[in-house]
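Residue numbers (this note's numbering), protein chains in the order written: chain S, 1464 to 1757; chain C, 61 to 225; chain D, 31 to 781.
Built from N, CA and C at the ideal position, the CB exists for glycine as well.
Just so you know, these numbers come straight off a predicted model, no measurement behind them.
Just below is one structure, and these are the notes that go with it.
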């Protein structure tokens, strides 16, 4: 790796100061499972690593039924998988979080890091999108909030400006009748980057005496089918107000398929990704529906 | 080395300090600086688990931790498993079940399995396989490794478990 | 060399499963593998590799790199001796170690530097200036065979039927095996199946990267510590590449973290030695990154194979033809002839023609991979056989019983088979629990495939001495890949009629044991086992003479059995342990050495059964259950024989399902990491059931047959045949990854 300095900070102002002071040479270090790989490959050559794992606001998880969920950007995935708030109220997010690497990676990798790495194939981002997450950012000009679907602007690039870093993610409380799920396809059973991934969320109207439940609103987002994680509002527009039948879910899947812009690379072919987009959106909605009904 | 850092840490129950550059991984410092070669440099990028160590009770790949990050923390390596009293049941079962051939992945597997059994004393076969999916073995096909972990769990729990063969 | 074979019954040690000598060190992390070597004053070396897969190297300038503080020296091909008078093979060896004038594959070594730590060494690489002239790239074996293909090696001529062609070519050789009359045979066939197959480049995937530490001493001696399958092979190759006498080199094999054939060739050893010479004779340690392992060591051949097989209406095979085109990588030497040996080997077929082509392409030079050449060929042959069985309406195992070879049958090359156990294996397969277990549910299928591997003998040496406490110290020449050392020690214990615990075993190096070929060809337990058997005969003979001295009788009046000597005259007896304490006064130490070159290795046959489930929406294949039945001759250490079979099956499953090299059009390897070169994880495999059939090999005192390579041969075919029964598509390409399964399903739907 190139030579760099390292500092562990314990407050947000200190982190901002150090990052700003390093100009474009400063990088935030949380779990390191993407950063260290990139350092070793020479893809990035920072002059300073700012370790933010000691900042309390970045390593806590808070939930209340009124405010929803606040996840510190540096909470490791393993910790998130053990939080009762997520297990009980945000299983769709846990679907994604628990898929990020094997156990050793889970012990270090963070949700915030997965988001900031901004891979088009990131597992967490579609799930965050359908949960309508907001990103809290700190920087030299203070704090700001950005909807998660605006956070990634190109492969590996985010809207973070020099000196800025991600503090936490805010997820609104799930309303009654809500269900969400994330599924991805990989060739093995573990350890692979997603060939395609799909997150689905929906909210059902209160059940009536007969017939399938009616979808109040729905939301779908996909990974690895576009330069950035892909929000597909057309799916939500189509499903809103419709009964949750197999036919409607299948049509929603077709709409998602039409919206994707995949590339062919060593992890998947174009046709395969387009096809999987449909399969996974349908399956993700089926799982979300199950959870919404429960 | 103009900016080497002194790191204070607990390693295999001993308080130590070492000097390192920020760019050195924990794996590199263990192997080069501290003479602990049990954790292996294999893929050196978090894909094979051969460098598995325990950091504050959490299973991690030492190649993806910078040495400077372990300040004030506690590390257990393969050298810290088993002790003067003898081998850990996992080590004994790995021997008995022939769960190793070349042995390069073995320290990583034993460290990983130890963390599993510390948290889940009665894992099922699928739970063992899922937990160990971050450790690659090319010699054994995993069959005897899984059996060894289940056998160790059984011994440690002193109740029989079922192998879903 | 004794020809007698001990009757195989009442073994005391063979067939048990004692603890390996190296096992405790391996579960505690104390065992020293190649990268665990540390020497005072050690430097760290790294390699600069060509980013182009085919290019002329116009200039290399290492001066800036050498000037970087912390760097002690750099080497290029200019530091190698001249090879203008050497044969092609020797030149290729040297060129593969350090490119001379041409880079022939992405990752081809161009230079190397040594520095005080690996980070500075890596930085130094960025300061080496190389200018290239990029040349057209050839990756596909059939394209390389075309008349107008760009030529990789200007001096390469095609060897064919004993002569060389007169023009340059990428085809290094064309061999043919035939018997009978192919045209006549096919004309008599009632059913004929003909198919083409493609297999991708795959790698042995050993977890431990190549490594070497070298010390070039001031007096010209060179000491090398490395992880290798054969210390003598390393010594020979380094001697060739540096053009120094073999006796000037000592190679000390460390514990090795997997080889599977890929750690017989040298890569870093000569570079480390050159660097040590350049860097004030300081020891230099080198270890590859895993990207280098994949890009620039020795994967096995990608291949294109055509197979045509004809059978009579009653199911008997009549005619078979195969064309095998194997990609050798940058220099000749693919395992195509072994593939030719394997492809129809399990069957009696009167009319056969097999053509094999060894072809160079812009990929790293291939190295052996566990039954080299066999898996590719077996995939093609066994899928066609399965289709024939379907057309004939015959049960696949009944078909093998009808057509399977037996002892004495001749192979296509005319060689008669020695004692083999193929029929026993088939019958055992028919009795396995898996075969009779119901497999219910949609998209599930069961497939079978059989396979053959010839195994190999080769030269082995060992020496032993009797200790005063009665234990035997054994130094054997075979590097232990994970079970050889204990199996060899057990054979010495058996031959000495002593408990296993009385044998202390070490693996020797090139200075401490006689010449021994590498641990490959499934030969260590077989050939080095023969060597220790010979040692035992010598030791027992000498000890009988010592007992005779003590008892004042003739040596032929002393008997030996089960660790004790008997005076046949007085009926006195004395344990070996007691006799050992008298060595001093009866003539001194009792030592023996043996070198053998046995030739009666026994071929191995196997039958594999795979149950799979296919997700037709995603193309994902899950392996639900797997049984491998194999003739293992005599299992010296049964639990490790099981382990060898399970390991080979796991590699075969990876080969069949997800492992492949992905190159871009410029020939750059895109998936040079264990993230995207997809070895099976513990979650991808079921328990692997093994059935050990023992048909002893009469060419070995204990009936040993090689076991390690056979199990990697049938899995891709077994899986392909299972996938066919699950979803009705016959796969003709490896790996059978999800997008390819999807393509095949969509193709089937369209038709």
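For the region 97–129 of chain C, the set of positions with a beta-carbon nearer than 8 Å to some beta-carbon of chain S reads 104, 105, 106, 107, 109, 112, 115, 118, 119, 120, 121, 123, 124, 125, 126, 128 and 129 in chain order. The three-state reading of DSSP puts residue 131/D in coil, since its state is none of H, G, I, E or B.
Here residue 355/D really is in contact with residue 334/D; their C-beta atoms are around 4 Å apart, less than 8 Å. Put simply, the CB of residue 708/D is near chain S, with a gap under 7 Å to one of its CB atoms. Only those residues of the region 83–106 of chain D whose C-beta falls short of 8 Å from the nearest C-beta of chain S would be listed, and there are none. Residue 1468/S carries a strand assignment under DSSP once its states are collapsed to helix, strand and coil. Residue 1483/S: member of the alpha helix (DSSP H) spanning 1475–1484, first to last residue. Look at residue 480/D here: in three-state DSSP terms it is strand. Under the Cβ criterion of 7 Å, residue 516/D is not counted among the residues facing chain S.
Assigned with DSSP and collapsed to three states, residue 102/D falls in strand. By the 16-neighbour rule on beta-carbons within 10 angstroms, residue 293/D is buried.
Near chain S, meaning a CB-to-CB distance below 8 Å, the residues of the region 158–174 of chain C are 172. For residue 1738/S, there is no enclosing beta strand (DSSP E); the residue is part of the alpha helix (DSSP H) that begins and ends at 1733–1756. The three-state reading of DSSP puts residue 225/D in strand, counting E and B together. The beta carbon of residue 768/D sits closer than 7 Å to some beta carbon of chain S.
Residues of the same chain with a CB within less than 7 Å of the CB of residue 87/D, apart from the 5 flanking positions on each side, are 129, 131, 132, 133, 140, 160 and 162 in chain order. Between the C-alpha atoms of residue 63/D and residue 96/C there is a straight-line separation of about 13 Å. In this structure, residue 633/D keeps its C-beta atom at 7 Å or more from the C-beta atom of residue 487/D.
Per DSSP, the unbroken alpha helix (DSSP H) holding residue 178/C starts and ends at 166–179. Legend: CB atoms of the region 189–222 of chain C lying less than 9 Å from CB atoms of chain D belong to residues 189, 190, 191, 192, 193, 194, 195, 196, 197, 198, 199, 200, 201, 202, 203, 204, 205, 206 and 207. DSSP places residue 453/D within a helical segment (H, G or I) once states are collapsed to three. Sequence-distant partners of residue 577/D (beyond 5 residues in either direction) whose C-beta falls short of 7 Å from its own C-beta, in its chain, are 588, 595, 604 and 609.
The region 140–152 of chain D and the region 84–103 of chain D touch, with no fewer than 3 CB-CB distances between them shorter than 8 Å. Against chain S, a Cβ distance below 8 Å from residue 159/D picks out nothing, because the smallest value is about 17 Å. In this structure, residue 67/D places its C-beta atom within 7 Å of the C-beta atom of residue 243/D. Rounded to the nearest whole angstrom, the C-alpha separation of residue 1599/S and residue 1542/S is 20 Å. Look at residue 68/C here: in three-state DSSP terms it is strand. Within the same chain, Cβ atoms closer than 6 Å to the Cβ of residue 622/D are found at 494, 565, 568 and 569, the five residues on either side in sequence being excluded. Relative to residue 208/D, the option among 195/D, 122/D and 373/D whose CA is nearest is 373/D.
With a cut-off of 8 Å on Cβ pairs, the region 198–205 of chain C is not in contact with the region 258–274 of chain D, counting fewer than three such pairs. The criterion of a C-beta distance shorter than 7 Å is not satisfied by residue 490/D and residue 281/D. Residue state for residue 429/D is assigned as helix, using DSSP reduced to three classes. Leaving aside the five residues that flank residue 674/D on each side, the residues in its chain whose CB is nearer than 6 Å to its CB run, in chain order, 737 and 738. Proximity of residue 179/C to chain D, defined by a Cβ-Cβ separation below 7 Å, is not satisfied. Going by DSSP, residue 1540/S is part of the alpha helix (DSSP H) stretching over 1540–1544. Taking 7 Å as the threshold, the shortest C-beta distance from residue 714/D to chain S falls below it.
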